[in-house]
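Mind the numbering: the sequence shown is residues 61 to 95 in my numbering, read in order.
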Amino acid sequence: MPIYQIDGLTPVVPEESFVHPTAVLIGDVILGDRK
């Protein structure tokens with residue numbers, strides 16, 4: 061899965077998160093539980 065930085069922002073993907081192999085994450089993205 062590609063993860064791209066843009067304007068100094070890099071996606072945050074915890075180990076326990078599932079992201080489909082064909083997904084593309086770019087920029088201001090934070091995955092995880094809503095606590």
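Cβ coordinates follow ideal geometry from the N, Cα and C atoms, glycine included.
Subject >> Buried versus exposed call for Pro118 [16 or more other C-beta atoms within 10 Å across all chains shown] >> reply: This structure leaves residue 118 out entirely; the chain is present only between 61 and 95.
Original post:
In angstroms, rounded to a whole number, what distance separates the CA positions of Val73 and Leu91?
Top reply: 5 angstroms
Original post:
Under the three-state reduction of DSSP, which class applies to Leu85: helix, strand or coil?
Top reply: Reduced to three states, the DSSP call for Leu85 is strand.
Original post:
Does DSSP classify Leu91 as helix, strand or coil?
Top reply: coil
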